[in-house]
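Each residue of the sequence shown is one higher than the one before, counting from 3 in this note's numbering. Since the structure comes first, as structure tokens, the remarks are kept for the end.
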Amino acid sequence: MLTIDDCIALSDLTEEEIDAIAEHEHLPEILAVELGCCLAHDAEGIRRIARIIRDDIERARSHGQAVHVRELTVVLDGFVHQHPAL
């Protein structure tokens, strides 16, 4: 049987990237893993994930959640580092 950690590892995304997708799309973590896995294997999907994380940053900023903004900025920086064509 696969655990959630196994599924995340198979998605080619980090847990934090999955969490950002779940937050943005209002999905349970396992569904965010499935969506993220599909997006992570397509050039347009990669751009969509970056937009999702940026949207989450803006939402956190607009709600005065400075700590969450910093956390998500680290996630976005790591994602962009992994996908320099963005």
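Beta carbons are placed, not taken as given, at the ideal position from N, Cα and C, and that holds for glycine.
Cutting at 8 Å between CB atoms, please list the residues of its own chain near I82, excluding the five before and the five after it. It is worth fixing the name first, because residue 82 is Val in this sequence and not Ile. The residues are A52, L88.
Reference V76, options G47, T16, A45, A42, closest by Cα: Considering only alpha carbons, the answer is T16.
Contained beta strand (DSSP E) runs [length at least 3] in the region 33-58, N- to C-terminal order: With a minimum length of 3 residues, no continuous beta strand (DSSP E) run stays inside the region 33-58.
Nonlocal neighbours in the same chain, by C-beta distance under 7 Å from V71, ignoring five residues either side: The residues I59, A62, R63, in chain order, have a CB closer than 7 Å to that of V71 in the same chain once the five nearest residues on each side in sequence are set aside.
Determine whether the beta carbon atoms of A22 and I48 lie at a separation below 8 Å. 8 Å or more divides the Cβ of A22 from the Cβ of I48.
Residue closest to C40, alpha-carbon to alpha-carbon, out of L12, I6, P30: Of the candidates L12, I6, P30, the one whose C-alpha sits nearest the C-alpha of C40 is L12.
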